[in-house]
Amino acid sequence: MNRLTLTLALLCATLIAATASAGNMGPHGANNAALPNIGKVIEAVNVAGYSYLHVEGKERKEWIAGKAAEIKEGDVVRYSIGSIMRNFSSKSLNRTFPEIRFTSTIQLEGAHPTPASTAAPLPAITEAAPGEQLNIVESQVISAVDSGGYTYIEADQDGKAIWLAAPKTTVKKGDTIRYANDGAVMKNFYSKSLNREFPAILFIGEAQVIQ
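Heads up, the sequence shown is in our numbering, so the first residue is 194 and it goes up one at a time.
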């Protein structure tokens, strides 16, 4: 193979690779990596500053919840990984969801992210896994209480007390926990099992105790 032929072959290979990469990226490829879930809205309810959406994806239907957004039935949305909560009771809707995904970001497919649609992140302590774009943080447990199959954790985050809710786990005062800050912050959240209202609470999928 002469030099000209080799050069043309390498150029063609580069163009093919670039085209394939562009196809995977889509019109907003960088954003798609941060919002890997996509589906069509088949039911939408806005209440108490939040949007509850019943979304139909390629493989399943699921309920998601996040900050209120102008989304209606028939819209196609992208949303972040978030945190799954089971048997979640919404006081404002007077309804219990067998399973619901709390997500920090929900936006129309093809839309550019805006400050209004993206929750402010807590300080990151490590890099996210490839394609997940998760923000991993550490906090020290101030107090913890189990109720209704979940653990409510009061934690110290950079000198500020915050509340977290996670599937039931064993934690105690003084433990250091690690978790992904990709759930939804619910304001004025009322826990029926605790008979208590939290001014703000972050729903997380898991709290890992650091040994």
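Idealized CB from N, CA, C, for every residue including glycine.
Please read all numbers here as calculations on a predicted model, not as lab measurements.
- Cβ neighbours of ASN230 within its own chain (closer than 6 Å, five residues either side excluded): TYR272.
- Where VAL334 is concerned, the enclosing beta strand (DSSP E) starts and stops at 329-340.
- For THR289, DSSP records a beta bridge to SER282.
- In this structure, GLY367 and VAL334 form a Cβ contact; the two beta carbons are roughly 6 Å apart against a cut-off of 8 Å.
- A straight line joining the alpha-carbon of PRO392 with that of TYR345 spans about 13 Å.
- THR298 sits buried, since 16 or more C-beta atoms from the chains shown fall within 10 Å of its C-beta.
- Check the Cα spacing between GLU331 and each of ASP351, ALA377 and GLY275: the tightest is with ASP351.
- By the neighbour-count definition (other C-beta atoms within 10 Å, threshold 16), ARG294 is a buried residue.
- In summary, LYS260 is buried, with 16 or more beta-carbon neighbours lying within 10 Å of its beta-carbon over all protein chains present.
- Under the 10 Å beta carbon count, SER283 is surrounded by 16 or more other beta carbons and is classified as buried.
- With contacts defined as CB atoms closer than 9 Å, ALA373 and SER276 qualify as a contacting pair.
- Sequence-distant Cβ neighbours of ASP349 in its own chain, meaning closer than 7 Å and more than five residues away, are SER332, GLN333 and ILE335.
- Exclusion of the five residues before and after GLY376 leaves GLY275, SER276, PHE295, LEU395, PHE396 and ILE397 as the residues of its chain whose Cβ lies within less than 6 Å of its Cβ.
- Around SER244, the same chain offers ALA237, VAL238, ALA258, GLY259, LYS260, ALA261, ALA262, ILE264 and ILE299 as residues with beta carbons nearer than 8 Å, after the five sequence neighbours per side are excluded.
- For LYS233, the uninterrupted beta strand (DSSP E) segment begins and ends at 230-240.
- In this structure, VAL248 keeps its C-beta atom at 9 Å or more from the C-beta atom of GLY267.
- For THR298, the three-state secondary structure derived from DSSP is coil.
- ILE235 counts as exposed, since fewer than 16 other C-beta atoms from the protein chains shown sit within 10 angstroms of its C-beta.
- Residue nearest to LEU387 within the set SER285, VAL378, GLY341 and ILE329 is GLY341 (criterion: CA-CA distance).
- In this chain, the beta strand (DSSP E) harbouring SER244 covers 243-249.
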